[in-house]
Amino acid sequence: MRTITDISKHVNDYDRQILDLVSLMGETLLLNGAEISRVQTTMEMVAAAYHKDEIDVYAISNGIFVTLRHDDRTRCTNIKHVPLATPDLGKVTQINALSRKICEQHLPVNQATEELYAIVHNPSFPLWIQAIACAVGGSCFCHLLGGNLLDCFATVPVGILLCLFQHWMGKAKLSKMIQTILGSALVTLCGLMAALVFSVLNMDKIIIGGLIILVPGVPFTSSIRDFFNGDYLSGTIRLIDALLVSLCMAIGVGAVHFLFM
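Numbering-wise (my numbering), the sequence shown opens with residue 1490 and increments by one.
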């Protein structure tokens, strides 16, 4: 016969599963560029779907604090450190779809956790698709910013090379700032060499087309949205991150210009 202690332990274990699910969902959203209000709202809605209304969520750009109250009036708390990383808006969309599915279909906790782990661990796009996206994106922006057809074609290999170089630096676990400096230096060097070999090419257009891949558009946009939502600390952190990335890009470009021009 089950005692009151056993029942309480079973209930608390179930609550901790919900807490782990909600925490991982918020961590994944935050890691991939979602604004703070979306992170907190999603976590609270998922907890409410499992009839856990007494939950306190506090999120900033690089951390999450979650406290859930059990039915026996005890509490459990989860703290997550979330480093600033390259955002993946595809995973944000998948997490949003999963949260709606939980609320509408009342998925069991175990099933929801399995689907969440599948989203977290499955890469959104293979490397070859990322390389093609960098090549097409860089060449299109080169055209939009005034480059001619030859400049656009010259930007294609620059985008592919930058993508592969960024992937290698990520595997080597170099810091984000070092990756940005070296990446922007590589783009500038490629643009300089292309203009030296083919005099009809515009070096500045090729460089700008390649550098657009490194521009921190998502962190900057998220910081503005956080400011409008009243999350000033998170907005400041993301704004500083975007400005530092921009500064590192300038350092990489300036170093190559200083050494070779």
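Glycine is no exception: its CB is placed at the ideal position from the N, C-alpha and C atoms.
In the DSSP assignment, what residue or residues form a beta bridge with V1555? V1546, N1567
Collapsed DSSP secondary structure at A1537 in the structure displayed: helix
Are F1675 and L1634 closer than 8 Å when you measure CB to CB? The residue you asked about is not Phe; residue 1675 is Leu in the sequence shown. In this structure, L1634 does not lie closer than 8 Å to L1675 by Cβ.
How close, in whole Å, do the beta carbons of G1522 and L1596 come, if the pair is a contact with beta carbons under 8 Å? With a Cβ gap of about 25 Å, G1522 and L1596 do not count as contacting.
Kindly list the residues whose CB is nearer than 8 Å to the CB of G1648, restricted to its own chain and excluding five residues on each side of it in sequence; keep chain order. A1620, C1623, A1624, V1625, G1626, G1627, S1628, G1698, G1699, I1702
Determine the closest residue to R1505 out of D1560, I1549, A1548, with distance taken between C-alpha atoms. D1560
Helix, strand or coil: how does DSSP classify S1664 here? coil
Chain-order list of residues whose beta-carbon lies under 8 Å from that of I1740 (same chain, five-residue window excluded): I1670, S1673
Buried or exposed by the 16-neighbour rule on C-beta atoms within 10 Å, applied to K1580: buried
Pick helix, strand or coil for F1687, following the three-state DSSP scheme. coil
Using only the alpha-carbon positions, how far apart do F1642 and A1661 sit? 30 Å
Quick check: what's the CA-CA separation for D1509 versus K1569? 10 Å
For S1613, which of helix, strand or coil comes out of DSSP? coil
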